[in-house]
Amino acid sequence: MKKKCLLTAFLVGCSMSMSFAHGMLQKTVTDYMLKAKGYDNFHVGTIEGYPTFDTMLAKLKASGVKKVMLMPFMFVAGDHVNNDIAGDWKKELGDNGYEVSVLMEGLGQNPDIQDIFIEHARFAAKHKMVDIMDKKKQYAAGKD
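Going by my numbering, 163 is the number at position 116 of the sequence shown; the sequence numbering is gapless.
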């Protein structure tokens, strides 16, 4: 049975150079992670970069959804959440006839995400840093 998830998640891009990375992340999130779990009713947009608000809005209109939850897909819920997501984007979606709610939390407030950071910090504290060029030389010399 397919799960229905009435949400729109947003990635925040910083510049044109970030757009490609965010587009790739969107593809990873949409095509693999969420859809593999049975979620098919979500849209991803960026505040600066691609996919744009208009791109996301067109997909949202085609979906027939009328209730939207805006979820910041960023570590800290700061200016972009307060001004862009909970401000401009919420208003624009409301003006387009959507019932809009906003999750005012960044990913860093999620205990599961916090656990991942702690796990990575512990790993980094236990293992020495390896220079990538030295590692490449080892591989080239047949050493692992």
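Backbone N, C-alpha and C define an ideal beta-carbon position, used for all residues, glycine too.
>> Let's test the definition: count the other Cβ atoms within 10 Å of the Cβ of Phe170 and tell me whether it reaches 16, buried, or not, exposed.
In response: Residue numbering aside, residue 170 sits at position 123 when the sequence shown is read from its first letter. Flag for Phe170 reads exposed.
> Shortest alpha-carbon distance to Val128 belongs to which of Lys114, Phe100, Leu150?
Replying inline: Stepping through the sequence shown from its first residue, residue 128 is reached at position 81. The option with the nearest alpha carbon to Val128 is Leu150.
> Taking one C-beta from the segment 128-143 and one from the segment 171-188 each time, how about it: are there three or more such pairs within less than 8 Å?
Replying inline: no
> Can you name the residues that DSSP bridges to Val147?
Replying inline: Working through the sequence shown from its first residue, we reach residue 147 at position 100. Note: Val147 sits in a beta bridge opposite Val115.
> Taking DSSP as the reference, what is the three-state secondary structure of Gly141?
Replying inline: One-based indexing of the sequence shown puts residue 141 at position 94. Note: Gly141 maps to helix in three-state DSSP.
>> Can you look up Ala133 in the DSSP assignment and give me helix, strand or coil?
In response: The count along the sequence shown starts at 1 and reaches residue 133 at position 86. If DSSP states are grouped into helix, strand and coil, Ala133 belongs with the helices.
> Between the beta-carbon of Val115 and the beta-carbon of Leu107, is there less than 8 Å?
Replying inline: The count along the sequence shown starts at 1 and reaches residue 115 at position 68. The count along the sequence shown starts at 1 and reaches residue 107 at position 60. Cβ atoms of Val115 and Leu107: closer than 8 Å.
> Where does His174 fall in DSSP's three states?
Replying inline: Here the question's residue 174 lines up with position 127 in the sequence shown. DSSP places His174 in coil when its eight states are reduced to three.
>> What does the Cβ neighbour count give for Met118, buried or exposed, with the cut at 16 atoms within 10 Å?
In response: As a position in the sequence shown, residue 118 is number 71, starting the count at 1. Under this definition Met118 is a buried residue.
> Does the Cβ of His167 have 16 or more other Cβ atoms within 10 Å, making it buried, or fewer, making it exposed?
Replying inline: Sequence index remark: in the sequence shown, residue 167 carries index 120 (1-based). His167 comes out exposed.
>> Among the candidates Ser148, Ile132, Gly111, Phe164, whose CA atom is the shortest distance from the CA of Asp87?
In response: Along the sequence shown, one-based indexing puts residue 87 at 40. Asp87 has its Cα closest to that of Gly111, out of Ser148, Ile132, Gly111, Phe164.
> Is Ile160 buried or exposed, if buried means 16 or more other CB atoms sit within 10 Å of its CB?
Replying inline: In the sequence shown, residue 160 corresponds to position 113, counting from 1. Exposed.
> Between which two residues does the alpha helix (DSSP H) containing Met180 stretch?
Replying inline: In the sequence shown, counting from the first residue as 1, residue 180 sits at position 133. Counting along the chain, the alpha helix (DSSP H) containing Met180 begins and ends at 179-187.
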